[in-house]
Each structure stands twice: as structure tokens, then as C-alpha cells.
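Engineer: Here our numbering is used: the first residue of the sequence shown is 484, the next is one more, and so on.
Okay, here's the structure, questions in a sec.
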Amino acid sequence: MPIGQLIHGALSGKSIGRILFNEQVRSQCGGLSGRVLDLAGGQNPSYLGLLPASLEVTRTNHVASEGVKRVDFDEPFPFVDSSYDAVLLFNALYIADDADKLLQEIFRTLKKGGRLFLSSPFIANEMPEPHDYARYTYEGLERLLKRNGFKNINIRRVGERGSAAMTILSPYFGFNIIRALVYPLAMLFDILVPARVRREHPTPVLYFCVCSK
484 MPIGQLIHGA
494 LSGKSIGRIL
504 FNEQVRSQCG
514 GLSGRVLDLA
524 GGQNPSYLGL
534 LPASLEVTRT
544 NHVASEGVKR
554 VDFDEPFPFV
564 DSSYDAVLLF
574 NALYIADDAD
584 KLLQEIFRTL
594 KKGGRLFLSS
604 PFIANEMPEP
614 HDYARYTYEG
624 LERLLKRNGF
634 KNINIRRVGE
644 RGSAAMTILS
654 PYFGFNIIRA
664 LVYPLAMLFD
674 ILVPARVRRE
684 HPTPVLYFCV
694 CSK
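And the structure:
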């Protein structure tokens, strides 16, 4: 990640996890087109500006509001089969009481060849939005996606011990200027983690997954 982008995010008050997540959205979702279902993003999610402006986005949340449809993860989606080119499920899998049912509904609403873009926190505080039931590992996400019919599964580990530690310690860095100083150090510590440790005992901040129907 460019150091300038990291510092700009810190000075804007973003957490290091949010900065890392935004970079994944920017790099992985820039080529999206067509109809997109954004699950649990609400009215104006921060990542919306990182997506192509030409997209036809259906916005959803657990409560309806202007321009936002109500979608309950524990109920069938109010959308017809094979109606979306892509589905976004960002930092919301942990809300689902039954993750398999949720992924089955996502699979149903995707067109053939359509893609799911999913991010899931690993090192993070509890986030009841309105619930927080689970954290998933790489293997857990892979198994969950495979058993619900998804293929071409690509899961990226995002961050390492430095950025993970910064995520935990972030309440101590209340001023943005301090974050701008310590975030680059955290990323440096990520780079310095030995390859064997990263391979055998990874400690990511989050996972970013792309898979297809």
C-alpha cells in the first residue's frame, strides 16, 4: 500500500482495518459492472465511492430507510432468482444466525457466473450490528463457501501482526496525527514477520474473498 494513502487514511480518522479493507475494495471491485446487491451496507456506506459509478446498486440493511430495502439475514431475500451480477457482503457475515442459509440466498440471487465479494474481520472487537455471532478463519470461510456451491474461491489474508496489534490498541491513539505516525510502523512490522510464520501461523486483520456461482 502506498505510504501516502496510508497516512491520508490515518489523518482522515480511519482505522487501520478500514484502510486495508478500502484498498481491497479498490483493487478487487474496480471492474464491476451491471446489477449489484449490497448486503447490510445501509444508505451510504464508506466504500460506495470506491465502486464504479455506473453500477446499479440495490442497497439493503436490517431496517428499511430511504433508498434502502429491508433484508433480514434469517429470512428469504425479497429478490428473484439469478437477478444480480455481483453481491457485496462486507463485514457482515458475523450478523447471520445461520451463515449457510445466508450464503444459499446469495447463491440463489446471483446470475450464473456472478460473483460474491466478501470481507470478514478476524482480529476485531465485538460488533453487534445488531448481532455478532462468529469469527471465521481462512479454512472456515473456504469450507462455508464450498459447501454452499461457490467455486473459483480466492481468499486473501489482509494484514499481519503489526496491523492486528494496531487494531487492538487503536483506542489509545485518539489523535489522527498520532495514527499517521504509528500506522506506517505497524505496516513495517507486518512486512518483517518471517515468511514461515506468515505461512504457518498467520494473524490477519481480515479476510477478503472473491468467488463465483
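From the three backbone atoms N, C-alpha and C, an ideal C-beta is built for every residue, glycine too.
It should be emphasised that the depicted structure is a prediction, and the values quoted were computed from it without experimental measurement.
On a CA-only basis, which of Gly-513, Asn-505, Ala-579, Pro-561 is nearest Pro-528? Give me that one, please.
Structural biologist: If we check each option's Cα against that of Pro-528, Asn-505 comes out closest.
Engineer: Looking at the structure shown, is Tyr-530 part of a helix, part of a strand, or coil, going by DSSP?
Structural biologist: Tyr-530: helix per DSSP, three-state reduction.
Engineer: Would you check if the distance between the CB atom of Leu-515 and the CB atom of Ala-569 is smaller than 7 Å?
Structural biologist: Yes, Cβ-Cβ distance for Leu-515 and Ala-569 is below 7 Å.
Engineer: Suppose the cutoff is 7 Å on Cβ atoms and the five residues either side in sequence are ignored; what does the same chain contact list for Leu-534 look like?
Structural biologist: Excluding sequence neighbours, Leu-534 sits near Cys-512, Leu-515.
Engineer: Among residues of its own chain, excluding the 5 on either side of Asp-555, which ones have a beta-carbon nearer than 7 Å to its beta-carbon?
Structural biologist: Result list for Asp-555: His-545, in chain order.
Engineer: I need the straight-line Cα distance from Ser-495 to Gly-487, nearest angstrom please.
Structural biologist: Cα to Cα, Ser-495 sits roughly 12 Å from Gly-487.
Engineer: Could you check whether Asp-615 and Asp-580 sit closer than 7 Å to each other, using their CB atoms as the reference points?
Structural biologist: Against a cut-off of 7 Å, the Cβ pair of Asp-615 and Asp-580 comes out as no contact.
Engineer: Which same chain residues, not among the five before or five after Asp-521, have their C-beta less than 6 Å away from its C-beta?
Structural biologist: Val-540, Arg-542, Leu-571, listed in sequence order.
Engineer: Can you tell me whether DSSP reads Val-554 as helix, strand or coil?
Structural biologist: The answer is coil: DSSP assigns Val-554 none of H, G, I, E or B.
Engineer: Taking Asn-608 as part of the beta strand (DSSP E), name the residues at either end of that continuous run.
Structural biologist: Unbroken run through Asn-608: none, as it is neither H nor E.
Engineer: Kindly give me the distance between the Cβ atoms of Arg-644 and Val-676, rounded to whole angstroms, as I take these residues to be in contact under 8 Å.
Structural biologist: Indeed they touch by this definition, with Cβ atoms about 6 Å apart.
Engineer: Please determine, among Leu-489, Thr-592, Leu-503, the residue with the shortest C-alpha to C-alpha distance to Lys-696.
Structural biologist: Minimum Cα distance to Lys-696 is reached at Thr-592.
Engineer: Can you check which of these residues, Ser-653, Ile-589, Met-610, is closest to Ile-578 by C-alpha distance?
Structural biologist: When only C-alpha atoms are compared, the closest one is Met-610.
Engineer: Using the Cβ count rule (16 or more neighbours within 10 Å means buried), how would you classify Asn-637?
Structural biologist: It counts as exposed.
Engineer: Under three-state DSSP, which class holds Gly-514?
Structural biologist: Note: Gly-514 maps to coil in three-state DSSP.
Engineer: Beta strand (DSSP E) containing Glu-539: first to last residue?
Structural biologist: Its beta strand (DSSP E) spans residues 539-544.
Engineer: Output the distance between the C-alpha atoms of Asp-673 and Ile-606, rounded to the nearest integer angstrom.
Structural biologist: Using only the alpha carbons, I get a separation of about 14 Å.
Engineer: Please determine, among Phe-560, Ala-669, Asn-659, Thr-650, the residue with the shortest C-alpha to C-alpha distance to Gly-500.
Structural biologist: Measuring from the Cα of Gly-500, the nearest candidate turns out to be Thr-650.
Engineer: Just to confirm my understanding: we take Glu-612, look at its own chain, exclude 5 residues before and 5 after, and list those with CB closer than 7 Å. What are they?
Structural biologist: Excluding positions up to five away in sequence, the list reads Ile-578.
Engineer: By the three-class DSSP mapping on this structure, what secondary structure does Phe-560 have?
Structural biologist: Coil, per DSSP.
Engineer: For the beta strand (DSSP E) holding Arg-639, just list the boundary residues, first then last.
Structural biologist: Element bounds for Arg-639: 634-641.
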